[in-house]
Amino acid sequence: MDITNILRSIFDAEAEQINYASLGSEQWREIYTFSAEQGILAFVWDALQNAVKRDSSTLANMPRELKIRWALNVEQIEQKYARQKAVIEKLSVFLAQHNIKMMVVKGYGLSLCFPRADHRPCGDIDVWFFTEHAEDGRTVRSSAQQKADELLREHFNIKINEDEHHHTVFYVDGVMIENHYDFINIHAHRSNRIIEQKLKGLVQTTLESVQVGQGVVYFPSADFHSLFLLRHSAAHFAAEKIGIRHLLDWRYYVEVYNDRIDWRWLEEFAQKMNMHRFLYSMHAICVDYLGLPQSKAPSFDRDKQLEDRVLGEILSPEFSDEKPQNAGYISSWIFMFKRWWSNRWKHKIVYREGLFVTFFVQVWSHLLKPKTLKVK
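First residue of the sequence shown? That's 79 in this note's numbering, and the numbers climb one at a time after it.
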């Protein structure tokens with residue numbers, strides 16, 4: 079079964095549609111497993127429901143137990159989204175009473191770009207709490223991370239985890255929150271310091287605000303979000319892996335915000351950071367397989383060989399060793415080194431630093447926060 083044809087059929091309305099009624103039970107199980115692993119279970123379910131409207135025999139050969147499991151998992155995705163939205167409202171309302179505003183990065187803001195927001199699977203909530211004051215006739219935003227942590231610890235009686243480099247971690251009503259003081263880990267790569275400086279400058283530009291129940295939350299500018307998404311996806315791709323869901327974040331964000339992104343600036347900055355080939359590959363995959371209209375994408379250079387390798391890595395990573403569970407530092411370190419060495423080709427299209435310089439910088443980064451050495 080050609081997974082790329084399935085992707086086109088699901089996400090590109092103009093692509094040739096698959097005859098789902100001809101699929102057997104094992105093929106349906108393969109599609110389910112693939113969709114779950116790639117974080118697109120609810121999106122594929124939506125596409126199948128639309129296909130049923132066109133042809134009632136679409137799901138004729140899907141095993142009944144699989145239909146039930148699929149529907150239940152989609153319902154769980156919707157319920158988790160609702161819980162996150164409720165927590166976002168709760169935090170924004172509480173902190174507004176203390177003159178602290180809440181900016182949400184990725185997550186909820188990206189979900190609003192999707193055809194159905196609550197079908198985008200969500201993990202944690204990335205936030206940047208800030209205050210505003212006037213200075214020389216302009217509004218200046220300052221991080222309120224520490225103050226927010228203190229207030230939340232006191233009011234909600236929560237534990238704050240400070241073992242990460244660029245954010246603290248805590249839970250509210252079972253939902254994990256990452257409270258950022260830096261937007262990216264400036265200790266992991268030297269170039270991250272340059273990107274962080276750029277992001278902190280961009281956060282001073284116009285923000286977008288939305289009402290969430292009784293609360294108000296903010297989203298960063300299109301230039302901020304495009305750079306942040308690019309670096310975030312690239313870093314995860316180089317370090318471990320990303321899924322189709324990450325590409326869909328890019329695909330739908332670009333479709334909605336393309337006319338607000340300074341593409342010339344982003345491309346030039348990506349070239350400076352040596353991320354441009356990864357950026358072009360994301361564009362290509364989104365256009366070729368995920369239904370991003372060519373008219374919504376900027377012009378970009380094509381490299382079919384690299385694009386195919388990037389897509390192949392996303393669909394089936396070259397490094398497939400399983401993470402050691404509850405391992406000690408030595409076992410974790412051996413695993414991470416093997417993964418890092420296997421992924422060195424990805425490093426070359428994501429970072430501008432040399433491979434061995436990066437190795438020693440990352441060793442130092444882990445030594446600063448020893449608990450990050452353990453594979454979770």
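The C-beta atom is built at its ideal place from N, Cα and C for all residues, glycine as well. All values reported here derive from a predicted model rather than from experimental measurement.
As DSSP reads the structure, serine 409 sits in no beta bridge. Put simply, the backbone Cα of lysine 401 is about 12 angstroms away from that of phenylalanine 415. Assignment of valine 165 by DSSP, reduced to helix, strand and coil, places it in the helix class. Contact holds between the segment 156-165 and the segment 249-261, because three or more Cβ pairs, one in each stretch, are under 8 angstroms apart.
The shortest C-alpha to C-alpha distance from serine 287 to any of Gly293, Tyr186, Phe297, Tyr259 is the one to Phe297. For asparagine 257, the enclosing beta strand (DSSP E) has its first and last residue at 253-258. In the DSSP annotation of this structure, the continuous segment of the alpha helix (DSSP H) that includes valine 388 starts and ends at 382-393. Rounded to whole angstroms, the Cβ separation of glutamine 223 and tyrosine 259 is 4 angstroms, and the two are in contact under 8 angstroms. Sequence-distant Cβ neighbours of serine 269 in its own chain, meaning closer than 7 angstroms and more than five residues away, are Met351, Tyr429, Arg430, Glu431. Short of 6 angstroms from the beta carbon of arginine 422, and not among the five residues preceding or following it, lie these beta carbons of its own chain, in chain order: Leu433. Rounded to whole angstroms, isoleucine 273 and isoleucine 264 show a C-alpha spacing of 9 angstroms. In the three-state scheme derived from DSSP, where H, G and I count as helix and E and B as strand, histidine 176 is classed as coil. In the DSSP assignment, arginine 329 falls within the unbroken alpha helix (DSSP H) covering 322-335. In this structure, leucine 119 and asparagine 151 form a Cβ contact; the two beta carbons are roughly 6 angstroms apart against a cut-off of 8 angstroms. The DSSP-derived three-state label of histidine 244 is coil. When the beta-carbon positions are compared, tyrosine 98 and leucine 126 come within less than 8 angstroms of each other. In the three-state DSSP reduction, glutamate 286 falls in the strand class (E or B).
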